[in-house]
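Residue numbers (the working numbering): 42 to 561.
Since the structure comes first, as structure tokens, the remarks are kept for the end.
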Amino acid sequence: MGNVVSLDSIFGLGELAPPLTMPAAPEAASGCSSSSCGSSDGPADMDPAVWEKVKNHPCYSEEAHHYFARMHVAVAPACNIQCNYCNRKYDCSNESRPGVVSEKLTPDQALKKILAVAQEIPQLSVIGIAGPGDSLAAAGKNTFATFEMLQKKAPDLKLCLSTNGLALPDHVDSIAQYNIDHVTITINMVDPEVGAQIYPWIFYKHKRWTGLDAAKILHEQQMLGLEMLTSRGILVKVNSVMIPGINDEHLLEVNKAVKSRGAFLHNIMPLISDPAHGTYFGLNGQRGPTAQELKVVQDACEGGAKLMRHCRQCRADAVGLLGEDRGEEFTADKIEAMGAIDYDDEARRSYREHVEAERAGRHASKAAAQADVRDSVGTAADPILIAVATKGGERINEHFGHAKEFQIYEVGPNGAKFVGHRRVDQYCEGGSGDVDTLDGVLAAINDCTAVFVAKIGGCPSKSLAEAGIEPVDRFAFDYIEESALAYFKDYAERLGQGVVQSRAGQDAVIRTGALTARRA
Ligand code: CLF
Ligand code: SF4
42 MGNVVSLDSI FGLGELAPPL TMPAAPEAAS GCSSSSCGSS DGPADMDPAV
92 WEKVKNHPCY SEEAHHYFAR MHVAVAPACN IQCNYCNRKY DCSNESRPGV
142 VSEKLTPDQA LKKILAVAQE IPQLSVIGIA GPGDSLAAAG KNTFATFEML
192 QKKAPDLKLC LSTNGLALPD HVDSIAQYNI DHVTITINMV DPEVGAQIYP
242 WIFYKHKRWT GLDAAKILHE QQMLGLEMLT SRGILVKVNS VMIPGINDEH
292 LLEVNKAVKS RGAFLHNIMP LISDPAHGTY FGLNGQRGPT AQELKVVQDA
342 CEGGAKLMRH CRQCRADAVG LLGEDRGEEF TADKIEAMGA IDYDDEARRS
392 YREHVEAERA GRHASKAAAQ ADVRDSVGTA ADPILIAVAT KGGERINEHF
442 GHAKEFQIYE VGPNGAKFVG HRRVDQYCEG GSGDVDTLDG VLAAINDCTA
492 VFVAKIGGCP SKSLAEAGIE PVDRFAFDYI EESALAYFKD YAERLGQGVV
542 QSRAGQDAVI RTGALTARRA
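Below, the structure is given as structure tokens:
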């Protein structure tokens, strides 16, 4: 495989060129960029040492997720607890969710795969171990063996792991020793009464524990592990699965508890529940939240631990930008067939320099667009949601019919910010659109006022307009946030004239599970 990848191909530009210049910031623009008002904190919002750790991490920085890729290696099959939303299965062509992988790897196989992917994908910045079981069960043997080799071979890649926290306190020294700067703990409760409804059992100190005892031990280990990591300056993200009727309201308590122990981010994710997955919750009819139910809980937690809203609930062997999965390009037989891989970080270095320069300009241009809206709209209109078809680079650069997900931005008088994403089936296959698929897209973005696209055909445009969602292609290949702010200014004016109606009160359907490469 070659390692020369043009930036045009990375950003998926093509038929239309992007704007070559950035809008200039007016002198009156304040220092409050949109990035400091939303989930995408920038260099002005944090300690420079912390910014260095997060700026290229697609999960820890919302902004970085438009530019950088992660790769998971599935070296940790064992788990020491049972969650009612998990049923680990190996390989299923229709499934894509955490805990599911196609191929389990040894540390040696994992290293070779990482080096192959690093040569091919210059956006790669983070290697994570997230299962398919728990990265620290079985004493974390394979996890640390993989990171030890990787640290020596490819020191520019950041190391990241994800755990349920039960064995975490025993492994904090090793985590520090291998320079693992980013740890995710899945914490769904801080009250064992709630925990007992989520975890039927745990395996701890050579014994199986059930019920309240199990939940109490897990809770204590999670809190202890979190405190031990943050006291050493290791960044901790907390993932919580939102389970309506069980822990939805309780997640506010979780948010407070993890903030007080120094968690860097809190990621509240919708429950993935389907009888076909064979999980306890799936088989017992436990539903996941709707889009607005999730947003209400996330919004209620604003002001506590900072929220992550761009999680894609990846598979344990995911490869690529968060909104894509290129795993099928790097299957075990393809990697096996390769000879020795020469490690070269040149392409990744140039890519990072390019992104660094681009982002510096963006902070000023976002601040300018925000100041313009604040001055001209004031509080005349409530925030709205906009769905965006994008392939990355923070631009509107995807056709409506080719989108497999829409990114959702909330834009209002205080700025524009990413608040989520909605998976959809691709509407246009082989040159023609599918009506049933279009219904699914409409349901997924039904709470949005507009959808921004690089291009859209007449039929879907008409259906969107009939559903009350405005198709907008006039910002094709422009930056998302600046375009959203320009649109909002115009929308507020039209709203005042009675030309458009507010879509407040609409809800949408979340389709859970991660993106996956299409299999033959
Ligand atoms: Fe992987 Fe997790 Fe590290 Fe990211 S994923 S181990 S922190 S590199 Fe990211 Fe995927 Fe969400 Fe995880 S989008 S599931 S939050
Ligand atoms: Fe599954 Fe992870 Fe829960 Fe273990 S901790 S049961 S792998 S979801």
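C-beta atoms are modelled at their ideal positions from N, C-alpha and C, and glycine is treated no differently.
Check	Outcome
Measuring only the C-alpha atoms, how far is ASN97 from ALA105?	5 Å
Cα-Cα, which of ASP315, LEU335, VAL337 and TYR468 is closest to GLN327?	ASP315
Please name the residue, chosen from GLY345, SER406 and VAL418, that lies closest to GLU435 on a Cα-to-Cα basis.	SER406
Taking only the alpha-carbon atoms, compute the straight-line gap between ALA357 and HIS107 and give it to the nearest angstrom.	20 Å
Over the uninterrupted alpha helix (DSSP H) stretch that includes ILE309, give me the two end residues.	Run containing ILE309: none in the alpha helix (DSSP H); it sits in the beta strand (DSSP E), 306-311.
Roughly how many angstroms lie between the CA atoms of GLN547 and ASP488, to the nearest whole one?	5 Å
With a threshold of 6 Å on Cβ separation, who are the neighbours of GLY206 within its own chain once the five nearest residues in sequence on each side are excluded?	ILE226, GLN262, GLN263 and GLY266
Going by DSSP, what residue range makes up the alpha helix (DSSP H) through ALA565?	Here the chain comprises residues numbered 42 to 561, so residue 565 is not present and cannot be evaluated.
Judging by CA-CA distance, which residue of VAL167, PHE529, ALA237 and SER301 is the nearest neighbour of GLU268?	SER301
Roughly how far, in whole angstroms, is the beta-carbon of TYR101 from the beta-carbon of HIS223, given that I think they are within contact range, below 8 Å?	6 Å
Nearest CA to the CA of ILE36: which residue from ASN128, ILE309, SER473 and ALA495?	This structure cannot speak to residue 36, because the chain is shown only from 42 to 561.
How many Å lie between GLU439 and MET112 at the Cα?	23 Å
Work out the CA separation of ASP514 and TYR468 for me, nearest whole Å.	17 Å
Are there 16 or more other CB atoms within 10 angstroms of the CB of HIS307, so buried, or fewer, so exposed?	buried
Between VAL541 and SER281, what straight-line distance do the alpha-carbon atoms span, to the nearest angstrom?	38 Å
Output needed for ASP386: all residues of its chain with C-beta closer than 6 Å, excluding positions within five of it in sequence on either side, in chain order.	ASP197
Taking the straight line between their C-alpha atoms, what separation do you get for GLY79 and LYS347?	Residue confidence is low: GLY79 scores 30 on pLDDT, short of 50, so the model does not pin down where it sits. Its coordinate-derived value is still stated next. Cα to Cα, the separation comes out at about 9 Å.
Can we count ASN308 as close to the ligand SF4, meaning its CB is less than 7 Å from some heavy atom?	no
Taking LYS445 as the reference, which of GLU334, ALA422 and LYS432 has the closest Cα?	LYS432
Our contact map puts PRO428 next to PHE459 with C-beta atoms below 8 Å; I'd like the distance itself, whole angstroms only.	Per the sequence shown, the amino acid found at residue 428 is Ala instead of Pro. Incorrect: roughly 12 Å between the Cβ atoms, too far for contact.
Taking the alpha helix (DSSP H) that CYS201 falls in, what are its first and last residues?	Taken as a continuous stretch (DSSP letters only), CYS201 belongs to no alpha helix (DSSP H), being part of the beta strand (DSSP E) at 199-204.
Cβ of ASN280 within 7 Å of any heavy atom in the ligand CLF?	yes
Assign LEU253 to one of three DSSP states: helix, strand, or coil.	helix
Provide the residue(s) that pair with TYR321 in DSSP beta bridges, ordered along the chain.	Bridge partners of TYR321: none, in fact.
Report yes if the C-beta of VAL116 is less than 7 Å from at least one heavy atom of the ligand CLF; otherwise report no.	no
For PRO241, which of helix, strand or coil comes out of DSSP?	coil
Pull up the distance between the alpha-carbon of THR372 and that of VAL114, whole angstroms please.	12 Å
Could you tell me whether the segment 521-536 touches the segment 495-508, where touching means 3 or more Cβ pairs closer than 8 Å?	no
Return the residue from the list TYR126, GLY442, PHE518 and ASP86 that minimises the CA-CA distance to HIS318.	TYR126
How about CYS352: is its Cβ closer than 7 Å to a heavy atom in the ligand SF4?	no
Which residues does DSSP list as the beta-bridge partners of ILE427?	TYR450 and ALA491
Have a look at GLU365 and LYS199 and give me their C-alpha separation to the nearest angstrom.	20 Å
With a threshold of 8 Å on Cβ separation, who are the neighbours of MET230 within its own chain once the five nearest residues in sequence on each side are excluded?	GLY236, ILE239, ALA256, HIS260, ASN288, HIS291 and VAL295
If we call anything under 8 Å between Cβ atoms a contact, is ILE155 one with VAL116?	no
By the three-class DSSP mapping on this structure, what secondary structure does LYS458 have?	strand
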